[in-house]
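Enquirer: Take the sequence shown: its letter number 88 is residue 88 in UniProt numbering, and every next letter is one higher. Backbone N, C-alpha and C fix where the C-beta goes; we use that ideal spot for every residue, glycine too. In this text the structure is predicted, and so the values were computed from the model without any measurement.
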Amino acid sequence: MYADYEYYSKEYKGTLINENEENLLDEASDDIDDMVFGRIRGRGFDNLTEYQQKLIKKAVCAHAEFSKRYGAFINSPVSSYSIGKTSMSFNGEKINGIDTSSSVIKLLNRTGLTCLVP
């Protein structure tokens with residue numbers, strides 16, 4: 001896990017996830033590693049620069065919050081629907097097959113780990 005609840009609440013200043021939901025941060029860490037094609041585990045988190053580590057921790061927290069807010073929609077096979085005159089579509093970003101927010105992608109792009117060519 002790249003960001004634990006202590007980091008989430010004290011450094012990131014997050015409030016959406018509570019202490020009993022630390023598993024969301026663990027799942028987000030796995031998703032983040034998948035989004036960067038396994039490069040974090042491949043290189044070792046401690047071998048990354050402090051700057052990269054900081055961005056990854058922020059990305060984990062932001063992705064965990066995104067997953068908590070929109071998880072029911074993310075995991076649904078429905079991408080849009082209409083009822084009468086009301087319609088709704090779900091516009092998320094996707095990287096390596098994982099739905100996330102544009103802010104998470106921006107953070108990860110700044111790490112230099114999202115490039116398809118290593």
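Count the other CB atoms, across all protein chains shown, that sit within 10 Å of the CB of aspartate 46; report buried if there are 16 or more and exposed otherwise.
Expert: For the purposes of this step, residue 46 is taken as residue 46 along the sequence shown, with counting starting at 1. Aspartate 46 comes out exposed.
Enquirer: With 16 as the cutoff for other CB atoms within 10 Å, does lysine 10 come out buried or exposed?
Expert: Reading the sequence shown from its first residue, position 10 is the one you call residue 10. That one is exposed.
Enquirer: Does the segment 32–44 come into contact with the segment 7–23, if we say contact requires no fewer than three beta-carbon pairs (one atom in each stretch) closer than 8 Å?
Expert: Contact between the segment 32–44 and the segment 7–23 is absent, because fewer than three Cβ pairs lie under 8 Å.
Enquirer: Is threonine 100 helix, strand or coil by DSSP?
Expert: Reading the sequence shown from its first residue, position 100 is the one you call residue 100. If DSSP states are grouped into helix, strand and coil, threonine 100 belongs with the strands.
Enquirer: When the Cα of arginine 110 is compared with those of Gln53, Asp34, Met1 and Leu25, which residue comes out closest?
Expert: Translated into the one-based positions of the sequence shown, residue 110 becomes position 110. The shortest C-alpha separation from arginine 110 is found at Gln53.
Enquirer: State the DSSP-derived secondary structure class of threonine 49, mapped to helix, strand or coil.
Expert: Counting from 1 along the sequence shown, the entry for residue 49 is found at position 49. It is coil, neither helix nor strand.
Enquirer: Taking the alpha-carbon positions, what's the aspartate 31 to lysine 58 distance?
Expert: Taking the sequence shown and counting its residues from 1, the one referred to as residue 31 is at position 31. Taking the sequence shown and counting its residues from 1, the one referred to as residue 58 is at position 58. C-alpha separation (whole angstroms): 13 Å.
Enquirer: Can you grab the Cα-Cα spacing for the pair isoleucine 60 / lysine 85, in whole Å?
Expert: Within the sequence shown, numbered from 1, the residue matching residue 60 stands at position 60. Within the sequence shown, numbered from 1, the residue matching residue 85 stands at position 85. For the sequence presented, residue 60 should be read as valine rather than isoleucine. Cα to Cα, valine 60 sits roughly 37 Å from lysine 85.
Enquirer: DSSP state of isoleucine 56, grouped into three classes?
Expert: Taking the first residue of the sequence shown as position 1, residue 56 is located at position 56. Here isoleucine 56 sits in helix by DSSP.
Enquirer: Would you tell me roughly how many angstroms separate the C-alpha atoms of leucine 107 and asparagine 23, rounded to the nearest one?
Expert: Taking the first residue of the sequence shown as 1, we reach residue 107 at position 107. Taking the first residue of the sequence shown as 1, we reach residue 23 at position 23. Rounded to the nearest angstrom, the two C-alpha atoms are 21 Å apart.
Enquirer: Can you tell me where the alpha helix (DSSP H) holding isoleucine 32 begins and where it ends?
Expert: The count along the sequence shown starts at 1 and reaches residue 32 at position 32. Segment 22–35, the alpha helix (DSSP H) holding isoleucine 32.
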